[in-house]
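Right, one structure below, let's go through it.
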Amino acid sequence: MAGNTSKLMNNVINPQHSKEQIKIEIKGLNKVYKTRTGETIALQNTDLTIKNNEFVCVVGPSGCGKTTLLNIIGGLEESTSGSIKVEGVEVKGPGKERGVVFQQYALFPWKTVLKNVEFGLKLRGLSKQERQAKAEHYLDLVGLKDFAHAYPKELSGGMKQRVAIARAYAVEPEVLLMDEPFGALDAQTRAQLQEELLKTWQKEKKTCFFITHDVEEAVILAQRVIIMSARPGRIKEIIEVDIPYPRDQSTKLDERFIEIKNEIWSKVYREYLEVSK
Amino acid sequence: MKKIPNWLLTVISIIVGLGVWYLLSSIPSIGAILTTPGKVLSSFFKEVSSGRMWSNVSTSLLRVLGGFSLGLLFAIPVAFAMAWYSLVRAIFDPWIQFFRTIPPIALIPLVIVSQGVGESAKISVIFVATFLVMVISIFQGVRNVDPTLIRAARVLGAKDKDIFLEVIVPASFPYILVGIRLGLAAAWTTLVAAELTGANKGLGNMIMEASLYFRMDVVILGIVVIGIIGLAMDKFVLFLERRLTGWQEIRQS
Chain A
40 MAGNTSKLMN NVINPQHSKE QIKIEIKGLN KVYKTRTGET IALQNTDLTI
90 KNNEFVCVVG PSGCGKTTLL NIIGGLEEST SGSIKVEGVE VKGPGKERGV
140 VFQQYALFPW KTVLKNVEFG LKLRGLSKQE RQAKAEHYLD LVGLKDFAHA
190 YPKELSGGMK QRVAIARAYA VEPEVLLMDE PFGALDAQTR AQLQEELLKT
240 WQKEKKTCFF ITHDVEEAVI LAQRVIIMSA RPGRIKEIIE VDIPYPRDQS
290 TKLDERFIEI KNEIWSKVYR EYLEVSK
Chain B
38 MKKIPNWLLT VISIIVGLGV WYLLSSIPSI GAILTTPGKV LSSFFKEVSS
88 GRMWSNVSTS LLRVLGGFSL GLLFAIPVAF AMAWYSLVRA IFDPWIQFFR
138 TIPPIALIPL VIVSQGVGES AKISVIFVAT FLVMVISIFQ GVRNVDPTLI
188 RAARVLGAKD KDIFLEVIVP ASFPYILVGI RLGLAAAWTT LVAAELTGAN
238 KGLGNMIMEA SLYFRMDVVI LGIVVIGIIG LAMDKFVLFL ERRLTGWQEI
288 RQS
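Given below as structure tokens:
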């Protein structure tokens, strides 16, 4: 087991931080919100390096700045100070190499499933045939080819989120930012989508930055779990999950899995207690 | 117990309503004012065959549609501009808030003095009334567009122009239709008020003239015709709403 793990570490989580393998580099990031009652520090002195094709999960109590961090990486919010580079280029706004999946699905209700997935491709000026072919490929990947002409209101929550994932994948970003995408789903659907996401990730490698409040979800998905703490929001600890892929629901019974999960859980719980004090 | 279908309830309700009207009008003291449905119907045929009905209805409809179209034509760009640019909002908002508390009918004397009793006076009053109603409802709609949808479009590579055309416009379309419904209702009420104060044609004028000669059958006929046209317009917009905004997640009941 130990030998197996270290071999995997070399294959998947390459410990050598060579320059070209770094995808996202965050240095000294600060974000301060000015409110009527004063200032709220959403993020304080955050440093983080995410490697190419790495799957990273972020856990932490609400108000720890995890969504703020995602929004800043996505270019949807500006930082107060500090630097954030994707592939060595400073982030100045949303970019085509970064896709985002939101918790509330954010599908365009007036567009069919197919048109939703095609939207980003249309903006990139692809021809009708090209974008339809591509959209159908990604709908197939999430198992929704038969629903191409349905409207979002006809779909269940899990199906909507699959469409949102297909839409984000369709524009072929290198980085996928996901903000509690499965948070609103029931436990069974969530488990199913976790497995599908892992399969998709292994088929079409991407750098994944995934926010969740579910520790189990973080451990099943991620190579590294980032624990954040609140007031002020900052990275408290980063824990490596040295469990080989492919992982599925049976991995949750694995001894090592339970061990890591408990370790992270106790640390996160301490943060929750800290916040509720 | 078997459930009675809704359409049947509607038909029964109309028949009962007409029955109550008939019974009430057969009481002499009431009947002098509330003429029987039969008399109203016969005056309807008289007005139609003399051509007066058509001329009154078309005159009123043209005024309504003229004022309403102008109102919509201005309300849409102003509402979108107000929602999009805080500068435009700051300029227009106080005026819209001020004028919307004034019943448009109160403006009628002013309009008559400045523009006389011609067509332009009526259309102006309807324009003001519909514009105010619609600009507020469309503005609310544009403001209510889910910001997550805008962010979703932005991360997919949408520029401001794309966000406006592909997100803001379709997302606020249901509110535009609601605005149109409210605008048509406002146009219709304002029109009748405008015609009552001075006109030589139109349904409001028909009612006014008939009341001078105590022709209660024609007065009631006018009221019924106005009601039916208003209802038909509303049903038409509702039909459009179902056809064009069927994608909305609304509870069906």
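Protein chains in written order, with this note's numbering: chain A, 40 to 316; chain B, 38 to 290.
Quick reminder that beta carbons are idealized off the backbone N, C-alpha and C, glycines included.
Between which residues of its own chain and Leu228/B is the CB-CB distance below 7 Å, once the five residues before and five after are set aside? Cβ within range, chain order: Ser97, Arg100, Val101, Lys159, Ile163 and Gly241.
Would you give the residue range spanned by the beta strand (DSSP E) that Gly67/A belongs to? The continuous beta strand (DSSP E) containing Gly67/A extends over residues Ile61 to Thr74.
Any beta carbon of chain B sitting closer than 7 Å to that of Gln171/A? Taking Cβ atoms only, chain B never reaches closer than 7 Å to Gln171/A, which makes this a no.
Let me know if Asp218/A comes out buried or exposed under the rule of 16 or more other beta-carbons within 10 Å of its beta-carbon. So Asp218/A ends up on the buried side.
Can you tell me whether Arg201/A is buried or exposed, with buried defined as 16 or more other CB within 10 angstroms of its CB? Classification of Arg201/A: buried, given that the 10 Å Cβ count is 16 or more.
Between Leu221/B and Met171/B, is the Cβ-Cβ spacing less than 7 Å? For Leu221/B and Met171/B, no; Cβs fall outside 7 Å.
Measure the C-alpha to C-alpha separation of Tyr212/B and Ser305/A and round it to an integer number of angstroms. Rounded to the nearest angstrom, the two C-alpha atoms are 49 Å apart.
With DSSP as the reference, label Phe221/A as helix, strand or coil. Three-state DSSP puts Phe221/A in coil, outside helix and strand.
Going by DSSP in three states, Val128/A sits in which element: helix, strand or coil? Secondary structure at Val128/A: strand, using DSSP grouped into helix, strand and coil.
Quick check on DSSP: helix, strand or coil for Arg206/A? Arg206/A: helix per DSSP, three-state reduction.
In whole angstroms, give me the CA-to-CA distance for Asn110/A and Glu116/A. Here the C-alpha atom of Asn110/A lies approximately 5 Å from the C-alpha atom of Glu116/A.
Length of the line joining the Cα atoms of Val77/B and Ile263/B: The alpha-carbon atoms of Val77/B and Ile263/B are separated by roughly 14 Å.
Cβ of Gly194/B within 7 Å of any chain A Cβ: Interface residue (Cβ-Cβ distance to chain A less than 7 Å): Gly194/B is classified as such.
Quick one: Cα of Arg295/A to Cα of Ile282/A, how far? Answer to the nearest angstrom: the Cα atoms are 7 Å apart.
Neighbour list for Leu283/A in chain B, Cβ cutoff strictly below 7 Å: The sequence given here has Pro at residue 283/A, not Leu. By Cβ distance, chain B contributes nothing, its closest Cβ being about 32 Å from Pro283/A, past 7 Å.
Are any of the Cβ atoms in chain B nearer than 7 Å to that of Gln288/A? With its beta carbon at least 7 Å from every one in chain B, Gln288/A lies outside the interface.
Integer Cβ distance of Lys62/A from Val214/A, believed to fall under 8 Å: Their Cβ separation, rounded to whole angstroms, is 6 Å, which keeps Lys62/A and Val214/A in contact under 8 Å.
Can you give me, in chain order, the residues of the stretch 201–231 of chain B that have a beta carbon less than 8 Å from any beta carbon in chain A? Against chain A - using a Cβ distance shorter than 8 Å - the residues of the stretch 201–231 of chain B are Glu203, Val204, Pro207, Ala208 and Phe210.
Own chain, CB closer than 6 Å to Met90/B, minus 5 neighbours either side, in chain order: Same-chain partners within the cutoff: Glu84.
If we ignore side chains and look at the alpha-carbon of each, how far apart do Leu268/B and Ala145/A end up? For Leu268/B and Ala145/A, the distance between alpha carbons rounds to 37 Å.
Could you run through the stretch 147–158 of chain A and flag, in chain order, every residue whose CB is less than 7 Å away from some CB of chain B? Of all residues in the stretch 147–158 of chain A, the ones placed with a Cβ closer than 7 Å to any Cβ belonging to chain B are Phe147, Pro148, Trp149 and Phe158, in chain order.
Buried or exposed: Gln168/A, going by 16 or more other Cβ atoms within 10 Å of its Cβ? Label assigned to Gln168/A: exposed.
Nearest chain B C-beta to Gly113/A closer than 7 Å, yes or no? Between Gly113/A and chain B, the shortest Cβ-Cβ separation is below 7 Å.
Assign Tyr208/A to buried or exposed, taking buried as 16 or more other Cβ atoms, counted over all protein chains shown, within 10 Å of its Cβ. Tyr208/A is buried by the Cβ-count criterion.
Hey, out of Leu60/B, Leu55/B, Thr72/B and Val48/B, whose CA is closest to Ile257/B's CA? Cα-wise, what sits closest to Ile257/B is Thr72/B.
Within 10 Å of its beta-carbon, does Ile145/B have 16 or more other beta-carbons around it, so buried, or fewer, so exposed? Per the 10 Å Cβ criterion, buried.
Against chain B, which members of the stretch 161–191 of chain A pass a CB distance test of less than 9 Å? So the close ones are Lys161, Leu162, Arg163, Tyr190 and Pro191.
Following the continuous alpha helix (DSSP H) through Arg263/A, name the residue where it begins and the one where it ends. Looking at the DSSP string, Arg263/A is not in any alpha helix (DSSP H); the run it does join, the beta strand (DSSP E), is Arg263 to Ser268.
Neighbour-count burial assignment, Trp44/B, 16 or more Cβ in a 10 Å radius: Counting of Cβ neighbours within 10 angstroms places Trp44/B among the exposed residues, the total staying below 16.
Is the beta carbon of Gly113/A closer than 7 Å to that of Val192/B? For Val192/B and Gly113/A, yes; Cβs fall inside 7 Å.
Please go through the same chain and pick out, in chain order, the residues whose beta-carbon is closer than 7 Å to the beta-carbon of Val48/B, but skip the five residues on each side of it. No residues qualify anywhere along the chain.
Which same chain residues end up closer than 6 Å to Met245/B when comparing Cβ atoms and leaving out the 5 residues on each side of it in sequence? Spatial neighbours of Met245/B in its own chain (CB-CB distance under 6 Å, excluding positions within 5 residues in sequence) are listed in chain order as Leu233.
Does any C-beta atom of chain B lie closer than 7 Å to the C-beta of Pro220/A? Not an interface residue.
Length of the line joining the Cα atoms of Lys150/A and Thr282/B: The alpha-carbon atoms of Lys150/A and Thr282/B are separated by roughly 11 Å.
How about Ala6/B: is its C-beta nearer than 7 Å to some C-beta of chain A? The structure shown does not extend to residue 6/B, since chain B spans only 38 to 290, so no value can be given for it.
Are any of the Cβ atoms in chain A nearer than 7 Å to that of Glu286/B? At a cut-off of 7 Å between C-beta atoms, Glu286/B counts as an interface residue with respect to chain A.
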